[in-house]
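Working notes, beginning with the structure itself.
Chains as they are written, first to last, in the UniProt record's numbering: chain A, 1 to 309; chain B, 1 to 235.
If you want it as C-alpha cells, here you go:
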C-alpha cells in the first residue's frame, strides 16, 4: 500500500479504529444503517474539442436537504475539474471549509452534533471529510507536480493519483468521481469508483440520479457535438436527475473550460410572503412578568487589586 | 587560534563562539556565482550569472531562478544541488500552508519556514549545512519584498543585495545607485549594470538569468530575447 508522499494534517490520517468497533456492534446484533446511494446527479460528456461536466446542487442528510446550493464540481487543476458524488458531495454540506482546519477529533464532535444519528455521523461523516481531503490533496499534488516539471497537468495524472488514493483506503472513502479535463493530449473523461477502479468514457453519469441522466444521454448523445449542443444536453441530463430523483435537486452547475456556477435555476423560490416573518410583540399574550435584579444574588465588590500579570 | 580544533564538528561551538562549519558554508557561498536582487517601488527583480562550465552545455536545460509559488521566486548563490532540495521543500511548505489556511503563503512565512529548515541542518547529527544563500523575491499584500536566507538559517529583508563572488563590489555599486522610488524597469537596468561590473567575458541573454515580479503579483522569468532587449537598452 504505497502512499504518494503528501503529509496529511496532524497525525495518522485515517484511523480504522471505528471499523473494528462497528464489526463488534454488528456481531452483537446492531443493524448497520444502510449506505445512502447519496443524493447526487453528476455527469460528464466529451464533445468535439472538449469536456463538459455537470452536477446538481442538492446535498442531503437522509431525508433532509442539508444544502440547497452546494458545489459539487471541484477544482483539480486549471484545466481539470472533478465532480464528486456520494461522500464528496455531502462533505460540503456538513463541514465546508472546516474539514481542513479542524482536527479530526473536533470534526467528529461537530458533525455528530449536527447529525440526527450519532452513530451514522461517527462513521460516515468522518469518512466524508477524508474524501474532501483527498480531492484537495490531489489538487495540491498536481500543483507541486506542475512546479517541478514546468508543464500543465494531464488528466491521466489526476486519475492515477485519485485512484491510488482511493484504493489505499480500500473503499472506505465513499467517493465516486467524474473526472474531466483537456490537456495537451486532448479531452478526457473518466469515472472513478470508491474502490479505485476507473472507466474511460465518452459520456458518464454517477450518483443516485445516474439512471435518469443516463437515459437522456443514451438517447440523445452522438459523436461530434458542438459546444452549445453539449451544454444543452448536459443541462437536460442533470434536470432529468433533478426532477426524477429525490436525492438530487435545486440547480444545475456546469463546467466547460470555465466554471458556470448555477448555469440553470429550474427551481426558484416563487412564493414570498407579503406579511414577512417578523412578529410584533402583541402576538404572544403576556401572563406574568417577574424581574430578579442580579445584585440580590451576586455580591458586587467595587475596587479590589488589579490582576497580576 | 584554537578554532581549527573545533572546525570539523558541526554541532560544537568554537571558543570564539562561532560554529566554524557555518563559516565554511558561507565561504562556499562566497565562491559561487554572483546573484543579486533589487526591490523597486512596484516590484522586485532578481538576477544571476549563468556561467556554464563549457560551451557544449545546453544552456536551456539550466535554470537557476526558480518559482516557489505564483508570486514568489528564488535565486541562489553556492551549490546548485543544495538549492534544488531547498526549492522542493519550500514549494511543498507553501502548498501545505495553502491547504491549511486557504490563503497563499505570505513571503515572510515562506522565508521563515525555509530558514527553519536550513537551521535544522546546523543542529542535527550526521548532516551538513546547506552550501547556498537564497534570495527570495515576492509580492503579497505587504507589497514587494526581498529576503536573503543564509546557511545558518538567518534571514534579512533587503532593499537591494548581492551574494557570491563579486559581493563587495556589487554591494558598493548598489548602494550608490539604489533609490527607493525606482520603477521596476529601471531596477532591471541597475541589476544588469551591477552584473556587468564583475562579469568576465561578453554578457548576453544566454549567460545571465533575470526574474521579475511586478504589480500583477506574478513571478516571471525573462526569456533570453527579453534579456537581450534590456541589454540593448543599457549598452
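For each residue, glycine too, the CB sits at the ideal point set by N, CA and C.
Just so we're clear, the structure is a prediction, and the values are computed from it rather than from any experiment.
**Item:** Nearest residue (CA-CA) to residue 198 of chain B, options B/56, B/26, B/41 and B/164
**Value:** B/164
**Item:** Proximal chain B residues relative to residue 140 of chain A, where beta-carbon distance stays under 7 Å
**Value:** 95 and 99
**Asked** According to DSSP, which residues form a beta bridge with residue 220 of chain B?
**Response** B/212
**Prompt:** Would you call the segment 85-104 of chain B and the segment 55-63 of chain B in contact, with 3 or more CB pairs under 8 Å?
**Reply:** no
**Asked** Can you name the residues of chain A whose CB is closer than 8 Å to the CB of residue 67 of chain B?
**Response** 147
**Item:** Residue range of the unbroken beta strand (DSSP E) whose run includes residue 157 of chain B
**Value:** 155-157
**Request:** Tell me whether the beta-carbon of residue 147 of chain B lies closer than 7 Å to the beta-carbon of residue 117 of chain B.
**Result:** no
**Message:** So the candidates are B/225, B/71, B/200 and B/14; which of them puts its Cα closest to the Cα of residue 144 of chain B?
**Reply:** B/71
**Message:** Would you say residue 25 of chain A lies against chain B (beta-carbon separation less than 7 Å)?
**Reply:** no
**Request:** Could you list which residues in chain A have their beta carbon closer than 8 Å to that of residue 92 of chain B, in chain order?
**Result:** 144
**Prompt:** Near residue 190 of chain A, which residues of its chain fall below 6 Å by C-beta distance, leaving aside the five closest residues on each side in sequence?
**Reply:** 159, 179, 198 and 200
**Message:** At the level of alpha carbons, what is the spacing between residue 192 of chain A and residue 73 of chain A?
**Reply:** 14 Å
**Asked** Is the number of C-beta pairs between the segment 199-212 of chain B and the segment 41-48 of chain B that are closer than 8 Å three or more?
**Response** yes
**Request:** Let me know the beta strand (DSSP E) ranges lying completely inside the segment 156-240 of chain A, each 3 residues or longer, listed in chain order.
**Result:** 175-183, 186-192, 198-200 and 203-206
**Message:** When you compare the CB of residue 305 of chain A with every CB in chain B, is at least one pair closer than 7 Å?
**Reply:** no
**Pairwise C-alpha distance: residue 270 of chain A and residue 66 of chain A** = 20 Å
**Request:** Label residue 39 of chain B either buried or exposed according to how many other C-beta atoms from any shown protein chain fall within 10 Å of its C-beta, with 16 as the threshold for buried.
**Result:** buried
**Asked** Which residues of chain B have a Cβ atom closer than 7 Å to the Cβ of residue 152 of chain A, listed in chain order?
**Response** Residues of chain B passing the Cβ test: none, with the nearest at roughly 14 Å.
**Request:** Give the interface partners of residue 136 of chain A over in chain B, defined as CB-CB distance under 9 Å, in chain order.
**Result:** 99
**Neighbourhood of residue 49 of chain A by C-beta distance below 7 Å, restricted to the same chain and skipping five residues each side** = 187
**Message:** I'd like to check one pair, residue 225 of chain A with residue 47 of chain A: are the Cβ atoms closer than 7 Å?
**Reply:** yes
**Request:** Pull up the distance between the alpha-carbon of residue 70 of chain A and that of residue 60 of chain A, whole angstroms please.
**Result:** 10 Å
**Asked** To the nearest whole angstrom, what separates the beta carbons of residue 262 of chain A and residue 244 of chain A, a pair I think is in contact under 8 Å?
**Response** So it is not a contact: roughly 20 Å between Cβ atoms.
**Request:** Could you name the residues of the same chain whose beta carbon sits closer than 8 Å to that of residue 203 of chain A, not counting the 5 residues immediately before and after it, in chain order?
**Result:** 43, 44, 45, 46, 189, 217 and 221
**Asked** Would DSSP call residue 253 of chain A helix, strand or coil?
**Response** strand
**Selected residue, minimal CA-CA separation from residue 212 of chain A, among A/223, A/242, A/196 and A/195** = A/242
**Asked** Across which residues does DSSP place residue 132 of chain B in a beta bridge pair?
**Response** B/78
**Asked** Given a threshold of 16 other Cβ atoms within 10 Å of its Cβ, counted over all protein chains shown, does residue 166 of chain B qualify as buried or as exposed?
**Response** buried
**Prompt:** DSSP on residue 272 of chain A, reduced to helix/strand/coil?
**Reply:** coil
**Asked** Could you check where the beta strand (DSSP E) with residue 64 of chain A kicks off and where it finishes?
**Response** 64-67
**Prompt:** Based on Cα-Cα distance, which residue from B/109, B/192, B/200 and B/76 lies nearest to residue 227 of chain B?
**Reply:** B/192
**Message:** Alpha carbons only, please: which of A/20, A/52 and A/280 is nearest the one belonging to residue 238 of chain A?
**Reply:** A/52
**Message:** With a threshold of 6 Å on Cβ separation, who are the neighbours of residue 54 of chain A within its own chain once the five nearest residues in sequence on each side are excluded?
**Reply:** 43, 234, 238 and 254
**Item:** Residues near residue 175 of chain B in its chain [Cβ-Cβ closer than 7 Å; skip 5 each side]
**Value:** none
**Message:** Tell me which residues share the same chain as residue 109 of chain B and place their Cβ nearer than 8 Å to its Cβ, disregarding the 5 neighbours each side in the sequence.
**Reply:** 97
**Prompt:** Should residue 285 of chain A be labelled buried (16 or more other beta-carbon atoms within 10 Å of its own) or exposed?
**Reply:** exposed
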